[in-house]
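J.:
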Amino acid sequence: MRVILQRIATQCSILQQVNFMEDLLTTRQVQELLQVDRTTIYRMRKDGRLSGVRVGQQWRFPRQEVDQLLGLSPQPSTTPKQAVSPREILPLNCVQSVQDVCAEIAEIGAVTTDLNGNALTRISNCGAFCRLILNSESGRRACQESWRKLVQGNNEQLRFVTCHAGLQYAHARIELNGENSAMIIAGQFYTTPHQQAARDPEIRELAAVHQVDADALVDASRELVFLDDRKKQEITRWLNKVAQAFEQIGKERADLMGRLKQIATMSNLSA
14 MRVILQRIAT QCSILQQVNF MEDLLTTRQV QELLQVDRTT IYRMRKDGRL SGVRVGQQWR
74 FPRQEVDQLL GLSPQPSTTP KQAVSPREIL PLNCVQSVQD VCAEIAEIGA VTTDLNGNAL
134 TRISNCGAFC RLILNSESGR RACQESWRKL VQGNNEQLRF VTCHAGLQYA HARIELNGEN
194 SAMIIAGQFY TTPHQQAARD PEIRELAAVH QVDADALVDA SRELVFLDDR KKQEITRWLN
254 KVAQAFEQIG KERADLMGRL KQIATMSNLS A
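Counting the sequence shown from 1 gives a position; my numbering is that position plus 13.
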């Protein structure tokens with residue numbers, strides 16, 4: 014797990030460095046775009062119309078500022094950022110793949126949802142117990158409500174919560190465009206020791222509520238895992254790291270979409 018998360022972090026770091034260099038224009042490129050001479054470019058840097066950074070012996074200028082001068086990018090605004098739909102920003106096929114690998118290695122279930130508790134991905138490594146509950150319409154609604162309540166919690170230190178079925182789960186929020194927009198949830202386990210015989214009557218009551226085969230649900234409950242303190246700390250760490258990776262993936266995709274829109278705008282202007 015640690016190796017996989019390190020690889021994700023390294024890939025995100027490389028992407029950030031590459032994108033930073035791609036977003037810097039040479040003096041000649043700025044001249045060609047603005048149709049001005051080199052002296053004017055340097056004058057604009059000195060009077061604050063352009064900011065520049067030294068790369069070796071040459072100046073580089075942020076592409077975004079040049080786009081603003083060309084009217085291709087909106088001017089910075091002090092208005093609050095609008096919440097974005099995670100479906101619009103996150104490449105869910107990529108999110109699903111990362112989530113699948115992490116859940117399988119950790120031997121627990123995982124799902125990514127929006128802030129209303131709606132699943133954005135399939136549940137990774139879903140165990141027999143939760144599968145039986147989710148096959149019931151009322152069970153699915155109860156699970157979604159449990160996920161939704163996570164968003165309402167104000168205590169960020171509360172890492173593990175009990176769901177409607179009596180299992181524990183943890184979550185990490187995913188920020189997109191500077192706003193909490195989604196969350197990754199890890200669950201389908203116990204965090205406190207319990208006596209199976211004492212738990213069986215509760216499970217049978219749960220089965221009756223959601224019209225699930227009681228014997229099958231009791232049998233499936235015996236496969237649920239118990240997380241000790243070391244495992245709980247590990248789950249908390251990888252949840253946060255995976256959430257950060259998803260945020261970076263979302264940022265990269267949003268930047269790419271923005272560039273494609275700029276290209277489309279420039280194509281229309283030159284047509």
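No residue lacks a Cβ here, since even glycine has one placed at the ideal position from N, Cα and C.
Relative to the C-alpha of Q261, which residue among D228, L189, E215 and D242 is closest?
T.: L189
J.: Here's the rule I'm using: 16 or more other beta-carbon atoms within 10 Å means buried, otherwise exposed. How should D80 be labelled?
T.: Buried.
J.: Going by Cα to Cα distance, which pick from K162, G200 and V66 is closest to R144?
T.: Minimum Cα-Cα distance from R144 among the listed residues K162, G200 and V66 corresponds to G200.
J.: Counting Cβ pairs, one atom from each stretch, are 3 or more of them under 8 Å apart for the stretch 242-261 and the stretch 147-163?
T.: The stretch 242-261 makes no contact with the stretch 147-163; the number of CB pairs closer than 8 Å stays below 3.
J.: Please list, in chain order, all residues of the same chain as R3 whose beta carbon is under 6 Å from its beta carbon, the five residues on each side excluded.
T.: A query on residue 3 cannot be resolved here, the shown segment of the chain reaching from 14 to 284 and no further.
J.: To the nearest angstrom, report how far apart A233 and V124 are at their CA atoms.
T.: 20 Å
J.: Would you tell me roughly how many angstroms separate the C-alpha atoms of A221 and L105, rounded to the nearest one?
T.: 35 Å
J.: I need the boundaries of the alpha helix (DSSP H) containing Q44, first residue and last residue.
T.: Element bounds for Q44: T40 to L47.
J.: How many Å lie between L269 and G263 at the Cα?
T.: It is roughly 10 Å from the alpha-carbon of L269 to the alpha-carbon of G263.
J.: Starting from P99, follow the alpha helix (DSSP H) in both directions and report where the run begins and ends.
T.: P99 to I102
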